[in-house]
Amino acid sequence: MDRAETDSRIRALIEPFNKKNIQVAEGTTFSGDLEFDSLTVMDFVAAIEDEFDIIISMNQQAEIETYGELVSAVCSQAGK
Amino acid sequence: MSEGVAEADQPIERVGGAPDLMSKFDPVIATREALLAGGVEDPFSLVMERVLSPTKAICNGRDTILLGTYNYMGMTFDPDVIAAGERALADFGSGTTGSRVLNGTYQGHRDVEDALREFYAMDHAMVFSTGYQANLGIISTLAGKGDYIVLDIDSHASIWDGCALGNAEVVPFRHNDTEAMVKRLKRIPDGAGKLVVLEGVYSMLGDVAPLREMVGAAKEEGAMVLVDEAHSMGFIGENGRGVAEDQGVLDEVDFVIGTFSKSVGTVGGFCVSNHPKFEILRLVCRPYVFTASLPPSVVATAATSIRKLMQAGDKRAALWANSKRLHAGLRELGFTLGTEEPQSAIVAVMMPDLEHGAMMWQALLHEGLYVNLARPPATPANMTLLRCSLCAEHSEEEVETILGMFERAGKAVGII
Ligand SMILES: Cc1ncc(COP(=O)(O)O)c(C=O)c1O
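Sequences listed follow chains L and Y, in order. My numbering numbers the first residue of the first sequence as 29 and each following residue consecutively. My numbering numbers the first residue of the second sequence as 1433 and each following residue consecutively.
Right, here's the structure in full:
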């Protein structure tokens, strides 16, 4: 899948979870910048999984710290 | 507890400037300090100086009614249970000093496994040193690299740790949400092994899982199913086999995990199953192999208790009556509870925040009542809870006394 398209779909999904309206860039971190707690992570991951019909296991989540890494991970999975 | 726990970061100089590995706990130390600075008794270092019965003890010097022990069936002082333990202690000694697979399987370990097979009417039973280790061992051993574990987000720590110990992909879903579970199962790549992990009763809120629906749905997706029935044994289901039995799906469950530390009234954990290859787990499950087996007195008390639980109809009725009365009484007083209806022997009282929770916990203790204070991260959605677990041996009058204590404490703290 096209990275730009994936990016814009994920950006739309972040919106309701981005309570402080942080400007999201490639290097934005979920736990640090966006202050996601574990419940928020679960809901957010579920939203992405449903949108792209993929699984992002907790093992994979552990490798994803930034927004850019998430987009890449979704691209590589959704592209399969 | 030692003073050290209240002293945050006093780093000692290390060669090369390496950090003090203990510094990472400073936030926990700070939270604890703030709580204790408010003048509350430390909720996490209570000492029971004497235990008088399953429902009464002397705690921090006070006569106290116990309402947070998970001693659901009150078996801890059962005369037959105690006699069996004393006999085994005298005949077999104080400990086995060995692993189940070496010198640590005595007649009593076999016997308690027989008792479990009888209790659950299943082919196989494997006893671990704790329920924590049963989950750790069974989950990490069953699901290997390339397999998927799909589990409820509110699972007990021992389930999460079992996932962490193994190499499988771990995929959580929203609490008790069958649709979310099924969606995840459907997305697992073809050919991968799938283990669904559920609990009968979730111990934080005391709510029951819709197992009939969930187990069936998991099976339809080709998953194997493990259900932790730690908080249901002995009083839920026609034969006390738990929520899966109660909802008519025990036959479809591949592995049931349980513990001796609640209804059975001692310590130990187990897995029961009808899987034809089950026995091989004894050789490949590391938390079973690489630890000493339970002492002979413990397995003797467990076996006696389990067999008595098979005929404990009166106790079950008393436990349910207590649970219903406490639930209804607390609601009438205006407390917010974890479930609309009493679903188990756990009644969780929601606190507005940790500070009020700790104040309320202390006020109850001063009244002479012990409940569990549960707080994040053990609780779902960052809740602070006062968890009450009933015992079949609480008398009707005791339950009324408890309600009076809650009323006074709740008003004093300003929660009701
Ligand atoms: C759901 C659940 N599973 C497992 C355990 C562990 O049991 P044990 O106390 O035997 O280690 C507990 C209790 O703490 C529990 O609540």
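The beta-carbon is built from N, C-alpha and C at its ideal position, and this holds for glycine as well. The structure displayed is predicted, hence computed values, not measured ones.
Quick one: list the residues of chain L neighbouring residue i, beta-carbon separation under 8 Å, in chain order.
| i | result |
| --- | --- |
| Y:V1602 | S85, M86, N87 |
| Y:K1615 | E77, D78 |
Determine the chain L residues that contact residue i at a beta-carbon separation under 7 Å, and present them in chain order.
| i | result |
| --- | --- |
| Y:I1620 | I83 |
| Y:A1612 | A74 |
Please check the pair residue i and residue j, which I expect to be a contact at CB under 8 Å, by giving their CB distance rounded to whole angstroms.
| i | j | result |
| --- | --- | --- |
| Y:L1786 | Y:M1837 | Actually they do not touch by this definition, with Cβ atoms about 21 Å apart. |
| Y:V1803 | Y:L1478 | The pair is not a contact, with the Cβ atoms about 11 Å apart (cut-off 8 Å). |
| Y:D1683 | Y:L1658 | Not really, about 15 Å apart at Cβ, beyond 8 Å. |
| Y:V1704 | Y:V1688 | 5 Å |
| Y:R1644 | Y:V1681 | 5 Å |
| Y:V1603 | L:S104 | With 8 Å as the limit, Y:V1603 and L:S104 do not qualify as a contact, their Cβ atoms being about 18 Å apart. |
| Y:L1822 | Y:N1754 | 4 Å |
| Y:T1736 | Y:V1513 | 5 Å |
| Y:G1563 | Y:G1701 | 3 Å |
Sort the options by Cα distance to residue i and report the nearest one.
| i | options | result |
| --- | --- | --- |
| Y:E1631 | Y:H1541, Y:N1503, Y:D1660, Y:M1505 | Y:D1660 |
| Y:T1816 | Y:R1549, Y:L1637, Y:R1748, Y:E1473 | Y:L1637 |
| Y:M1782 | Y:C1820, Y:K1747, Y:S1827, Y:D1523 | Y:C1820 |
| Y:Q1565 | Y:P1727, Y:I1591, Y:L1805, Y:G1669 | Y:I1591 |
| Y:F1667 | Y:A1641, Y:G1680, Y:S1526, Y:V1696 | Y:V1696 |
| Y:R1718 | Y:L1643, Y:V1533, Y:E1677 | Y:V1533 |
| Y:F1710 | Y:M1558, Y:P1475, Y:T1537 | Y:M1558 |
| Y:T1733 | Y:Y1720, Y:L1801, Y:V1699 | Y:V1699 |
| L:T34 | L:T68, L:F72, L:E79 | L:E79 |
| Y:E1670 | Y:G1648, Y:S1561, Y:A1624, Y:A1744 | Y:A1744 |
| Y:V1614 | Y:N1599, Y:V1633, Y:K1651 | Y:K1651 |
| L:I82 | L:T57, L:V102, L:G60, L:N46 | L:V102 |
| Y:N1608 | Y:V1628, Y:D1593, Y:D1622 | Y:V1628 |
| Y:T1811 | L:L67, L:I50, L:L62 | L:L67 |
| Y:T1573 | Y:P1708, Y:G1594, Y:H1556 | Y:G1594 |
| L:T57 | L:A106, L:T94, L:G107, L:V99 | L:T94 |
By the criterion of Cβ-Cβ separation under 9 Å, what are the contact partners of residue i in chain L?
| i | result |
| --- | --- |
| Y:I1585 | S66, L67, M70 |
| Y:R1606 | M70, D71, A74 |
Strictly by DSSP, which residues pair up with residue i?
| i | result |
| --- | --- |
| Y:C1820 | Y:V1779 |
| Y:N1804 | Y:R1819 |
| L:V69 | Partner(s): none; L:V69 has no beta bridge. |
| Y:M1507 | Partner(s): none; Y:M1507 has no beta bridge. |
| Y:D1639 | Y:Y1634 |
| L:T94 | L:T57 |
| Y:D1660 | Y:E1631, Y:I1689 |
- When you check each C-beta in the stretch 50-76 of chain L against every C-beta of chain Y, which residues fall closer than 7 Å? L67, M70, A74
- Task: Report the residues of the stretch 1786-1814 of chain Y with a CB closer than 7 Å to any CB of chain L, ordered along the chain.
- Result: A1813
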